[in-house]
Amino acid sequence: MVDRIMVPVDGSELSERAIPLAELLARTNNAEICLVRAFEPLNIPPYEPSALISPETTDELRRQVREHARAALDRLKSQVEQHGVRVKAELLQLADGSPASTLLDYEQTSGVDIVAMATHGRTGLARFALGSVADRILREGSKPVLLIRPLTEQPKEMGVALLPLDGSEVGERAIKMAEALAGRPLRSVRLLQAIEKFQERSAAMDYLQSVADRLAAAGLETTVYVSVGEGPVEAIRTHVADADIVVMATHGRGGIDRMRHGSVAEAAARELQHPVLLVRATSAS
C-alpha cells in the first residue's frame, strides 16, 4: 500500500514538476502527499561592532526569509488541496546544516512510502532540481524513488508500466511494487527480459510467464517480451515507447550502484524521458 508520498521541494519550479504524478498516485491510493522543504536560514556572519547590519536587522532578515519559504510552501499546499488530494506541508529546520541529512531523517522517520522528485534535464542522476540533496536521497535513503523528467511532457496517467527483469532476486521488489499499484493506478504491465543468446529464450519466457501469472492474479493485464541480442538498456528503449512509467529494482541502500542491475537502472533513469520508479531491493515491503 502507498499511504504517504514525500515530495521534496526547494522553491524552484523544477522541483515542483514532481507534484502532478504524486497527486495521481495519491488520488488512486487515497494517500497523503507530504510537501517537504528543508529550510536553510539566511547565513549572516556574527555581529561585530563595526558591522553595518545590527543584530535586530539580522534577526528581521532571517524572519522574513523563513516567512517567505513558509508562504511558498503553503501556496503549493493550497494548490494540491484544490485538486482533491490530502496534503500537509513541512518546513524543516536544518539539524546539522545539511538539507540532505534533514530530508533523509524525515524520509526514514515519518512513515512515507515513496519519494517523488524531479530530475534536472538530460544530466539525469548527475544533477537534480535539488542537486546533491536528491543524489544523497537516492544513495542513502531506504524508500522507492519516483524520478520525473521536468522538461518533457508528463504522462497524464500511469496506467501502463514497463517492468524490466533479469531473473534475479533483485527484481522481486519491482514485482511487489507493481502488485501494490495494481489498479492504483496501474492497469497493465509489460514484462521485459534482455538475453544474449537465442538458446536462453525458452527459460526467459517461462520465467516471465510465471511473473505474468502472478501479476494477473493481482488484476493486471500483462504482456511478455524477450529481447535477444540487445543490451538491457537498449531493450528498454525499444519497448518503452507506449509505457507511462518504468518500474525497476536497484541493489538496496547503496542506491544506484555499479552492479549489473543497478547500472541498468542508472542508465534508464539517466537516459529515458519517461518517469522511472526505482525500488530498492532491501526496502521494506
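Per my numbering, the sequence shown starts with residue 734, numbered consecutively. Heads up, the beta-carbon is just placed ideally off N, CA and C, and yes, glycines get one too.
Measuring CA to CA, which of the options is closest to residue i?
i            : options             : result
residue 743  : 836, 797, 794, 758  : 836
residue 739  : 998, 902, 922, 770  : 770
residue 1004 : 734, 852, 793, 896  : 852
residue 966  : 943, 895, 909, 950  : 895
residue 903  : 840, 817, 931, 997  : 997
residue 933  : 747, 961, 942       : 961
residue 826  : 796, 956, 955, 941  : 796
residue 841  : 813, 873, 824       : 873
residue 886  : 977, 763, 735, 1014 : 977
residue 875  : 888, 846, 900, 901  : 846
residue 1001 : 975, 915, 880, 1014 : 880
residue 901  : 940, 793, 888, 741  : 940
residue 807  : 823, 793, 734       : 823
residue 750  : 888, 937, 930, 761  : 888
residue 975  : 921, 953, 930, 938  : 921
residue 741  : 848, 935, 792       : 848
Give me the Cβ distance between residue i and residue j, rounded to the nearest whole Å; I'm assuming they're in contact under 8 Å.
i           : j           : result
residue 907 : residue 833 : Residue 907 to residue 833, Cβ: 25 Å. No contact.
residue 898 : residue 925 : 7 Å
residue 805 : residue 772 : Not quite, the Cβ-Cβ distance comes to about 11 Å (not below 8 Å), so this is no contact.
residue 878 : residue 910 : Not really, about 11 Å apart at Cβ, beyond 8 Å.
residue 955 : residue 948 : 5 Å
Just to confirm before moving on: does the CB-CB distance between residue i and residue j stay below 9 Å?
i           : j            : result
residue 754 : residue 1008 : yes
residue 959 : residue 923  : no
residue 799 : residue 759  : no
residue 817 : residue 737  : no
residue 869 : residue 1006 : no
residue 980 : residue 1012 : yes
residue 812 : residue 752  : yes
residue 914 : residue 735  : yes
Which same chain residues, not among the five before or five after residue i, have their C-beta less than 8 Å away from its C-beta?
i           : result
residue 821 : 765, 766, 767, 768, 810
residue 757 : 890, 891, 918
residue 972 : 895, 923, 925, 958, 960
residue 937 : 900, 926, 928, 959
Take residue i and list the residues in its own chain whose beta-carbon comes closer than 6 Å to its own, dropping the five residues that flank it on each side.
i           : result
residue 912 : 951
residue 838 : none
residue 789 : none
residue 993 : Residue confidence is low: residue 993 scores 41 on pLDDT, short of 50, so the model does not pin down where it sits. Its coordinate-derived value is still stated next. Cβ within range, chain order: n/a, list empty.
residue 916 : 952
residue 931 : 961
residue 792 : none
Which same chain residues end up closer than 7 Å to residue i when comparing Cβ atoms and leaving out the 5 residues on each side of it in sequence?
i           : result
residue 927 : 960, 963, 964, 965, 968
**Request:** May I have a chain-ordered list of the alpha helix (DSSP H) segments no shorter than 4 residues that lie completely inside the stretch 869-929?
**Result:** 905-913
**Asked** What are the start and end residues of each continuous beta strand (DSSP E) run of 3 or more residues lying completely inside the stretch 735-765, in chain order?
**Response** 737-741
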